């Protein structure tokens with residue numbers, strides 16, 4: 104088995120218990136995301152987990168969700184809580200949407216992939232956005248490249264990696280995405296932990 108794959112099935116109950124709300128900085132970015140997409144749009148949530156708190160917030164506001172995750176247990180929670188939405192078990196790197204979307208979410212999932220896989224995923228996601236479509240994503244918050252590392256959640260090992268902020272913005276621009284808004288979510292520790300930053304990107308119209 105590939106060593107970097109996140110094992111959320113092992114901590115699904117504990118993770119769902121603590122993953123119930125978004126912070127104020129996260130909510131500000133999601134407000135910008137929602138402002139730029141049509142009401143009641145069909146959105147793609149990659150790395151959706153249990154659907155809480157992101158999908159629950161968006162469905163409460165009238166959006167339709169297709170959520171994709173590799174964790175069977177977290178998807179079962181999502182299906183139980185939001186049976187009218189669409190839930191797909193798949194690896195993010197392998198999933199191929201069947202339609203384009205006006206909005207796509209990559210929230211707290213990129214960090215579990217190596218940088219080269221993150222770049223490919225962002226490029227792929229950009230291709231599945233409609234013109235003027237909007238991507239919201241989170242990644243590391245360091246201005247400099249930091250080495251990949253392993254962290255522990257509920258005594259389970261998780262691989263973590265992230266681009267620097269300038270590198271992430273460059274990859275998005277190369278994929279046809281323009282930065283609309285960014286914000287610090289968690290401060291890094293100046294060494295191993297790069298912190299977290301959120302970004303709202305919009306797909307450029309083709310000329």
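Numbering (our numbering), first residue to last: 104 to 310.
Beta carbons are placed, not taken as given, at the ideal position from N, Cα and C, and that holds for glycine.
Quick caveat, the model's predicted, so the values are computed rather than measured.
For residue j and residue i, believed in contact at Cβ under 8 Å, the rounded distance
i           : j           : result
residue 177 : residue 152 : 5 Å
residue 214 : residue 148 : Going by Cβ atoms, the distance from residue 214 to residue 148 rounds to 16 Å, so no, they are not a contact pair.
residue 64  : residue 303 : Coverage of the chain is limited to positions 104 through 310, which leaves residue 64 absent and any answer about it impossible.
residue 218 : residue 266 : 6 Å
Residue i burial status per 10 Å Cβ neighbour count (16 or more: buried)
i           : result
residue 172 : buried
residue 119 : buried
residue 59  : Outside the displayed span of the chain (104 to 310) sits residue 59, for which this structure offers no information.
residue 104 : Bear in mind that the predicted position of residue 104 carries a pLDDT of just 38, short of 50, making it unreliable; the figure below should be weighed with that in mind. Burial call: exposed.
residue 202 : exposed
residue 134 : exposed
residue 254 : exposed
residue 280 : buried
Own chain partners of residue i with C-beta closer than 6 Å, once the 5 adjacent residues on each side are dropped
i           : result
residue 193 : 171
residue 289 : 298 and 299
residue 115 : 176 and 177
Segment limits, beta strand (DSSP E) that includes residue i
i           : result
residue 190 : 189-192
residue 153 : From DSSP, residue 153 is part of no beta strand (DSSP E); its letter is neither H nor E.
First through last residue of the alpha helix (DSSP H) which encompasses residue i
i           : result
residue 136 : 127-138
residue 275 : 268-277
Any non-hydrogen atom of the ligand COA closer than 8 Å to residue i Cβ
i           : result
residue 173 : Only the bare structure without any ligand can be found here, which leaves the ligand COA out of the picture.
Contacts around residue i, its chain only, beta-carbon distance under 7 Å, and the 5 residues preceding and following it disregarded
i           : result
residue 259 : 110, 113 and 114
Stretch pair the segment 243-254 + the segment 273-280: three plus CB contacts closer than 8 Å: no
Touch test, the segment 123-138 against the segment 174-192, Cβ-Cβ under 8 Å, three pairs minimum: no
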